[in-house]
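*Asks:*
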Amino acid sequence: MSTHSTTAAPGSPAAPSTLITGIGSLVTNDTAHGTGPLGLLTDAAVVIDAGTVVWVGPAGAAPAADERFDAGGRALLPGFVDSHAHLVFAGDRTAEFNARMSGQAYSAGGIRTTVAATRAATDAELDANLARFVREALHQGTTTVECKSGYGLTVKDEARALRIAAGHTPETTYLGAHVVAPEFADDPAGYVDLVTGEMLDACAPFARWVDVFCENGAFDGDQARAVLTAGVARGLTPRVHANQLSYGPGVQLAVELGAASADHCTHLTDEDVAALAGSATVATLLPGAEFSTRAAYPDARRLLAAGATVALSTDCNPGSSFTSSMAFCIAVAVREMGMTPDEAVHAATAGGARALRRPDVGLIAPGARADLLLLDAPSHVHLAYRPGVPLTAAVWRAGVREL
Ligand code: NIG
Ligand code: FE
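With the sequence shown counted from 1, adding 771 to any position gets you my numbering.
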């Protein structure tokens, strides 16, 4: 298992191991450890050591550890894995949101407003904004976050976005193909050449993934294919903004190219659903976007019934979904998208981990990174049952108690 766990520096005293006991309800996402798809255990305990989970089981059988934390009967689950976010930007789009709530439609073109603000910001401002959002998410239980570029759209600005993002997360995504840069408004083919050439060369060292917004007003299927295959040739793995605002080729392209995820999946034909279900490409649903654009939600039930793997993420960005709350996304997915609370919690943890191809996060099992969320509630179901209520009692990231 590949892990990103922390270990004590040479010469420093080893971090103490911790026994977390008195867990009323434990979501392991490991069917070997508990019941149902969530691998649920009651009256459970977990031992973490050197940033890693080392033991999971009934509280009565737990081994000793250096320190002890009493969960007081509350629920413990894996930290949320937010596999889709756009966090390197400056400014906001309050006026655009306000206009939308007065009846205006959302379009991809709004991205250019944030591009102008982002280009005008200093490195320090962008870094501070990103740090603030990562912290904001952490305080709500998110211990892994993916971060895309896409508000620079020049070689220099895309590369700096990814360099800054890489200082905060290993899950960095090159999204030079977010929209055609304003300078190339009359030459979209020229912009695709830049994105697949010089810009890719500058960005690839800081990126793990390559993404494209395949949509009317952004990039068509042929352009998206060119972007993704160029990224693959540079060692990046694809993920796709697919079928968000309309039906289109994005999902089929994602599946054909073996993308880790097809994201949004709001407008799907039966063929799209079948393609996702028959593939390893995760369908990542982003209910914050439909909420904030007052659009119809994707039908999660249809995807789950077909056998597709579903992830839930925030899509946090200043245009279409300015929330960092995975709990909010869970509540909306349950209320509006046909998911059960168990399915939504699974999608926000194990589903996100699948979408990022990270076997070390999104579960609580020996060998997993010690990313843990303790709720001020007796059950994970409260994430949907008590919408809008802050339920974070404690968070550990790689074994470090963050709050
Ligand atoms: O995922 N769809 C493309 N990108 C973002 C929106 C970005 C913006 O409007 O600034 C999204 O919804
Ligand atoms: Fe997005």
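Built from N, CA and C at the ideal position, the CB exists for glycine as well. Since the model is a prediction, treat every value here as computed from it, not as a measurement.
Could you check which residue in GLY844, ASP801, GLY807 and ALA973 has the C-alpha nearest to that of TRP826?
*Replies:* Out of GLY844, ASP801, GLY807 and ALA973, ASP801 has the C-alpha closest to the C-alpha of TRP826.
*Asks:* Applying the 10 Å Cβ sphere with the 16-neighbour rule, what's the burial state of GLY938?
*Replies:* Classification of GLY938: exposed, given that the 10 Å Cβ count is below 16.
*Asks:* What is the DSSP secondary structure of THR778, reduced to helix, strand or coil?
*Replies:* Only weak support exists for where THR778 lies, its pLDDT of 41 falling under 50; the value from the coordinates is given anyway. Note: THR778 maps to coil in three-state DSSP.
*Asks:* Between the alpha carbons of TYR945 and ALA1077, how many angstroms are there, rounded?
*Replies:* So the two alpha carbons sit approximately 31 Å from each other.
*Asks:* Grab the span of the beta strand (DSSP E) containing ASP841 for me, first residue to last.
*Replies:* Per DSSP, ASP841 belongs to the beta strand (DSSP E) from 838 to 841.
*Asks:* Taking DSSP's pairing of strands, which residues face LEU812 in a bridge?
*Replies:* LEU797.
*Asks:* ALA1119 and SER1091: beta carbons closer than 8 Å?
*Replies:* No; because the gap between Cβ atoms is not below 8 Å, this pair is not in contact.
*Asks:* For GLY793, which residues of its own chain have a beta-carbon under 7 Å away from its beta-carbon, when the five flanking residues on both sides are left out?
*Replies:* Closer than 7 Å at the Cβ level, and outside the excluded window around GLY793, lie ALA830, ASP841, ALA842, GLY843 and GLY844.
*Asks:* Does DSSP classify HIS1117 as helix, strand or coil?
*Replies:* Looking at HIS1117 - three-state DSSP - the assignment turns out to be helix.
*Asks:* Look at the Cβ atom of THR889, then the Cβ atom of ASP928, and state whether they are nearer than 8 Å.
*Replies:* In this structure, ASP928 lies closer than 8 Å to THR889 by Cβ.
*Asks:* Indicate whether the contact test is met: 3 or more Cβ pairs, each with one atom in the segment 951 to 959 and one in the segment 968 to 987, closer than 8 Å.
*Replies:* The segment 951 to 959 is not in contact with the segment 968 to 987.
*Asks:* Where does ALA1164 sit, in a helix, a strand or coil, going by DSSP?
*Replies:* If DSSP states are grouped into helix, strand and coil, ALA1164 belongs with the strands.
*Asks:* Which of helix, strand or coil does DSSP assign to LEU1005?
*Replies:* Just to set this straight, residue 1005 is Arg in the shown sequence, not Leu. Coil.
*Asks:* Using beta-carbon positions only, say whether ALA1046 and VAL1022 come within less than 8 Å of one another.
*Replies:* Yes. Within cutoff.
*Asks:* What's the gap between the Cα of THR813 and the Cα of GLY795?
*Replies:* Cα-Cα distance, rounded: 5 Å.
*Asks:* Assuming the contact rule is C-beta atoms closer than 8 Å, ARG979 and LEU1007 should be a hit. Round their C-beta distance to whole Å, please.
*Replies:* Sure, about 7 Å apart at Cβ, within 8 Å.
*Asks:* Please classify VAL1175 as buried or exposed, where buried requires at least 16 neighbouring CB atoms within 10 angstroms.
*Replies:* The question about residue 1175 has no answer, for the chain in this structure spans 772 to 1174.
*Asks:* Does the distance from the CB of SER920 to the CB of LEU1127 come in under 8 Å?
*Replies:* In this structure, LEU1127 does not lie closer than 8 Å to SER920 by Cβ.
*Asks:* Nearest by alpha-carbon distance to SER1084: which of ALA895, SER1096, THR893 and LEU1074 is it?
*Replies:* Of ALA895, SER1096, THR893 and LEU1074, the residue nearest in Cα terms is SER1096.
*Asks:* Could you give the distance in angstroms between the alpha-carbon of GLN1015 and the alpha-carbon of ARG934?
*Replies:* C-alpha separation (whole angstroms): 28 Å.
*Asks:* Just to confirm before moving on: does the CB-CB distance between GLU1042 and GLY1019 stay below 8 Å?
*Replies:* Going by C-beta atoms, GLU1042 is not nearer than 8 Å to GLY1019.
*Asks:* Does the beta carbon of ASP853 fall short of 7 Å from some heavy atom of ligand 2?
*Replies:* Because no heavy atom of ligand 2 lies under 7 Å away, the Cβ of ASP853 does not count as near it: no.
*Asks:* How about LEU901 and VAL859: do their beta carbons lie closer than 8 Å?
*Replies:* Yes, the Cβ-Cβ distance between LEU901 and VAL859 is below 8 Å.
*Asks:* Does the structure place the segment 1097 to 1104 close enough to the segment 1152 to 1168 that three or more beta carbon pairs sit under 8 Å?
*Replies:* With the cut-off at 8 Å, the segment 1152 to 1168 and the segment 1097 to 1104 touch.
*Asks:* May I ask whether a heavy atom of ligand 1 can be found less than 7 Å away from the beta carbon of HIS1151?
*Replies:* No, ligand 1 has no heavy atom inside 7 Å of this Cβ.
*Asks:* In whole angstroms, give me the CA-to-CA distance for ASP991 and THR823.
*Replies:* Answer to the nearest angstrom: the Cα atoms are 43 Å apart.
*Asks:* Would a C-beta distance cut-off of 8 Å place GLY1123 and GLY1133 closer than the cut-off?
*Replies:* Yes, they are a contact pair.
*Asks:* What are the boundary residues of the beta strand (DSSP E) that GLY844 is part of?
*Replies:* Premise fails: GLY844 is in no beta strand (DSSP E) and is neither H nor E.
*Asks:* Give me the Cα-Cα distance between PHE1093 and PRO834, rounded to the nearest whole angstrom.
*Replies:* Cα-Cα distance, rounded: 43 Å.
*Asks:* Within 7 Å: the Cβ of ASN987 and any heavy atom of ligand 2?
*Replies:* Checking every heavy atom of ligand 2 against the Cβ of ASN987, none is found closer than 7 Å.
*Asks:* Return yes when the C-beta of HIS1038 is under 7 Å from any heavy atom of ligand 2, and no when it is not.
*Replies:* No, the beta carbon of HIS1038 sits no closer than 7 Å to any heavy atom of ligand 2.
*Asks:* Compute the distance between the beta-carbons of LEU924 and HIS949, then report whether it is under 8 Å.
*Replies:* Yes. Within cutoff.
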